[in-house]
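Reading through the structure tokens given below for one structure.
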Amino acid sequence: MAQDYRNIQKSVFSAEFKNFCRKELCSKLNKLENVRILHIIGMILCCIIGSALIIGVIYVDFSGIYKVSEGLFKITVLIGIGSIVSAEIIRKDYKTRAKDIILEKLLSFIGDFKINDDKNIENHIAELKLFDKFNRFYCDDRLSGNYKLLNLDIAQLDLRYVTGSGKNRHEKIVFQGILIKLPNMKKYKSNCYTIIRQHSLFNFENRNRVHLEDIEFEKYYDVYSDDQIEARYMLTTSFMERMTQLAKKGIGQNIKMSFENGNIYIAVSSAKDWFEIPIFSPASKIENFRAIVLEIITLLKIIDALNLDRKIGL
Amino acid sequence: MNSVIIIIIALLVLILYLYGVYAKVIMSANSVREAISGIDIQLKKRYDLIPNILTIAKKFMEHEKSIFEKITELRTKAMNSMPGSAQKFAAEAQLDSQLKSLMVNVENYPALKSDATMVQAMETYNEVEEHIAASRRFYNSALTQLRNAIQIFPGSLFAACAGETASYSYYETDTASKSSIKASDYL
Numbered sequence: 354m355a356q357d358y359r360n361i362q363k364s365v366f367s368a369e370f371k372n373f374c375r376k377e378l379c380s381k382l383n384k385l386e387n388v389r390i391l392h393i394i395g396m397i398l399c400c401i402i403g404s405a406l407i408i409g410v411i412y413v414d415f416s417g418i419y420k421v422s423e424g425l426f427k428i429t430v431l432i433g434i435g436s437i438v439s440a441e442i443i444r445k446d447y448k449t450r451a452k453d454i455i456l457e458k459l460l461s462f463i464g465d466f467k468i469n470d471d472k473n474i475e476n477h478i479a480e481l482k483l484f485d486k487f488n489r490f491y492c493d494d495r496l497s498g499n500y501k502l503l504n505l506d507i508a509q510l511d512l513r514y515v516t517g518s519g520k521n522r523h524e525k526i527v528f529q530g531i532l533i534k535l536p537n538m539k540k541y542k543s544n545c546y547t548i549i550r551q552h553s554l555f556n557f558e559n560r561n562r563v564h565l566e567d568i569e570f571e572k573y574y575d576v577y578s579d580d581q582i583e584a585r586y587m588l589t590t591s592f593m594e595r596m597t598q599l600a601k602k603g604i605g606q607n608i609k610m611s612f613e614n615g616n617i618y619i620a621v622s623s624a625k626d627w628f629e630i631p632i633f634s635p636a637s638k639i640e641n642f643r644a645i646v647l648e649i650i651t652l653l654k655i656i657d658a659l660n661l662d663r664k665i666g667l
Numbered sequence: 121m122n123s124v125i126i127i128i129i130a131l132l133v134l135i136l137y138l139y140g141v142y143a144k145v146i147m148s149a150n151s152v153r154e155a156i157s158g159i160d161i162q163l164k165k166r167y168d169l170i171p172n173i174l175t176i177a178k179k180f181m182e183h184e185k186s187i188f189e190k191i192t193e194l195r196t197k198a199m200n201s202m203p204g205s206a207q208k209f210a211a212e213a214q215l216d217s218q219l220k221s222l223m224v225n226v227e228n229y230p231a232l233k234s235d236a237t238m239v240q241a242m243e244t245y246n247e248v249e250e251h252i253a254a255s256r257r258f259y260n261s262a263l264t265q266l267r268n269a270i271q272i273f274p275g276s277l278f279a280a281c282a283g284e285t286a287s288y289s290y291y292e293t294d295t296a297s298k299s300s301i302k303a304s305d306y307l
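Protein sequences, first through last, are from chains B and C. Residue numbering for the first sequence follows this note's numbering, beginning at 354 and increasing consecutively. Residue numbering for the second sequence follows this note's numbering, beginning at 121 and increasing consecutively.
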């Protein structure tokens, strides 16, 4: 299949995708459906047990039928809460297993994409200037693949900065969403960085700020770099125009970008759970698989819109 | 007593404010100097590259001696001009134009165009040109900031601190680059 998101988008709404699902996923769907039913039963049981324990112990204690000791009351409530939490763990387990069963095959429809099990990328992410300091790192999914001869690395990340403990605990979300890493087609000094962030009226950080001549671009983005010339070498007038167009379409407003370590990093902020197969929907429902493909297409669209696959595009 | 304290505080605030303006003028002036040195670094790369390109091209383009001589002459002139001066910009613009016409002529020599060393040299040339363009954009941006800083009151009070940098002119493209391109000339 030609490596272009437009072709993939066209095929995903055609009979080709249905045939692909029937042919490639059919054998796996029965297995997934069994797993799904078992997980739903598990979830319902956990919720019923948990709710019954909590409601029951409160009712028994307050109605005076039986005087429950304080220790037993606490243990019962804790077990109840534990059961309800288990339901969420079961849901997450289904999500993981569904991905193991279906996602790899589904990715082959898009092209040369694979699930990458190595989620130990915390150190690499921590070195990036793109994100503020964080001390809690979660990598939910990681995909690796090739699009228009570019090696892509896509990771769903949740970065947080936690300070204090107990009542003084403060948690700040540094980043939640998708990070795309792709090689920089231009020869960029490896020890330099250029960061493009959403423009903020209340941003008074002037250190390393790059003031660019495109007024429209400056309305949407703030640029920081430790090398004024390298920053302008990357941010050509045509590239700034494309970034502005992206912002006008509403996509660019959730995007942060950096050029560092010889790579381009695109961070798409989004709180939603990407590449997820919903548990309360039949395993054979094609719309669920289509939604995953479309999510990946959304990411590929950004690469295309910015012409990042071409040196001249930058 | 209270009024004395208020006057002292007001004076301190005024001094701090004026110091801030003064610092901004100095920083802007330094930024322009940094930009000029940035252009010079990129131009130096171009000056170093020109002899290599000419050596490769001479092997294939024996009938284009005049263009080689012109480029060599302009290179020397540009190298000897004062950084950031109007003469330097003019010499660079002429050199730019001659190099572009050399690159267009290369198209007429398929053997030269496909020569591995020439391909590499042209790639490097394009990269250097992009860096030169980037450094010129930085220079224009730095100069705008400096002019704003020294022309708007109270920055104008410190204009003298900016020294000779205030006399620098913007980099503008040559008239040949501004004129429209006739595709028929290249077909």
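C-beta: ideal position from N, C-alpha, C; glycine also.
{"Query": "Please name the residues in the region 527-549 of chain B whose beta-carbon is closer than 7 Å to at least one beta-carbon of chain C, in chain order.", "Result": "Lys540"}
{"Query": "Can you give me, in chain order, the residues of the region 586-606 of chain B that have a beta carbon less than 7 Å from any beta carbon in chain C?", "Result": "Tyr586"}
{"Query": "Measure the beta-carbon distance from C:Ala254 to B:Arg585 and round it to whole angstroms, keeping in mind my assumption that it falls under 8 Å.", "Result": "4 Å"}
{"Query": "Please go through the same chain and pick out, in chain order, the residues whose beta-carbon is closer than 6 Å to the beta-carbon of C:Ala177, but skip the five residues on each side of it.", "Result": "none"}
{"Query": "With a threshold of 7 Å on Cβ separation, who are the neighbours of C:Gln214 within its own chain once the five nearest residues in sequence on each side are excluded?", "Result": "Leu194"}
{"Query": "At a CB distance below 7 Å, what residues from the region 141-159 of chain C approach chain B? Give them in sequence order.", "Result": "Gly158"}
{"Query": "Leaving out the 5 sequence neighbours to the left and right, which residues in its chain are closer than 7 Å to C:Leu263 when beta-carbon positions are compared?", "Result": "Val152, Tyr288, Tyr290"}
{"Query": "Tell me the start and end of each unbroken beta strand (DSSP E) in the region 516-545 of chain B that is at least 3 residues and wholly inside, in chain order.", "Result": "523-536"}
{"Query": "When you check each C-beta in the region 575-586 of chain B against every C-beta of chain C, which residues fall closer than 7 Å?", "Result": "Gln581, Ile582, Arg585, Tyr586"}
{"Query": "Tell me which residues share the same chain as C:Leu222 and place their Cβ nearer than 6 Å to its Cβ, disregarding the 5 neighbours each side in the sequence.", "Result": "Ile187"}
{"Query": "Label C:Gln162 either buried or exposed according to how many other C-beta atoms from any shown protein chain fall within 10 Å of its C-beta, with 16 as the threshold for buried.", "Result": "buried"}
{"Query": "When you compare only the Cα positions, how much space is there between B:Asn504 and B:Asp357?", "Result": "14 Å"}
{"Query": "In chain order, what are the residue ranges of uninterrupted alpha helix (DSSP H) at least 4 long that sit wholly in the region 577-615 of chain B?", "Result": "581-587, 590-601"}
{"Query": "Taking DSSP as the reference, what is the three-state secondary structure of B:Leu460?", "Result": "helix"}
{"Query": "Using a Cβ cut-off of 8 Å (strictly closer), state whether C:Phe258 contacts chain B.", "Result": "yes"}
{"Query": "Under the assumption that B:Leu661 contacts B:Ile617 (Cβ atoms under 8 Å), give the Cβ distance between them as a whole number of angstroms.", "Result": "6 Å"}
{"Query": "Could you check whether the region 525-533 of chain B touches the region 498-513 of chain B, counting it as contact only if at least three pairs of C-beta atoms, one from each stretch, sit closer than 8 Å?", "Result": "yes"}
{"Query": "Quick check on DSSP: helix, strand or coil for B:Gly498?", "Result": "strand"}
{"Query": "Find the residues of chain B that neighbour C:Glu247, judging by a C-beta separation of less than 7 Å, and give them in chain order.", "Result": "Lys540"}
{"Query": "Taking the straight line between their C-alpha atoms, what separation do you get for B:Leu588 and B:Phe633?", "Result": "46 Å"}
{"Query": "Taking C:Glu250 as the query, report the chain B residues whose CB atoms sit under 9 Å from its CB, ordered along the chain.", "Result": "Lys539, Tyr586, Thr589"}
{"Query": "Taking 8 Å as the threshold (beta carbon to beta carbon), is B:His564 in contact with chain C?", "Result": "yes"}
{"Query": "B:Ala620 and B:Phe528 - do their beta-carbons sit closer together than 8 Å?", "Result": "yes"}
{"Query": "Run down chain B in chain order and give the residues with a C-beta less than 7 Å from the C-beta of C:Ser255.", "Result": "Ile582"}
{"Query": "Let me know if B:Tyr573 comes out buried or exposed under the rule of 16 or more other beta-carbons within 10 Å of its beta-carbon.", "Result": "buried"}
{"Query": "Please classify C:Val124 as buried or exposed, where buried requires at least 16 neighbouring CB atoms within 10 angstroms.", "Result": "exposed"}
{"Query": "Verify the CB distance criterion: does C:Ser261 have a CB-CB separation below 8 Å to chain B?", "Result": "yes"}
{"Query": "Anyone know if the C-beta pair for C:Ile270 and C:Ser261 falls short of 8 Å?", "Result": "no"}
{"Query": "Residues in its own chain within less than 6 Å of B:Ala440 by CB, not counting five upstream and five downstream?", "Result": "Met396, Cys399, Cys400"}
{"Query": "Taking the beta strand (DSSP E) that B:Lys467 belongs to, which residues open and close that run?", "Result": "465-468"}
{"Query": "Are the region 638-649 of chain B and the region 357-369 of chain B touching by the rule of at least three beta carbon pairs closer than 8 Å?", "Result": "yes"}
{"Query": "Between which two residues does the beta strand (DSSP E) harbouring C:Ile128 extend?", "Result": "Taken as a continuous stretch (DSSP letters only), C:Ile128 belongs to no beta strand (DSSP E), being part of the alpha helix (DSSP H) at 122-180."}
{"Query": "Report all residues from its chain with a CB closer than 7 Å to the CB of B:Cys374; omit the five preceding and five following residues, and keep chain order.", "Result": "Ile639, Phe642"}
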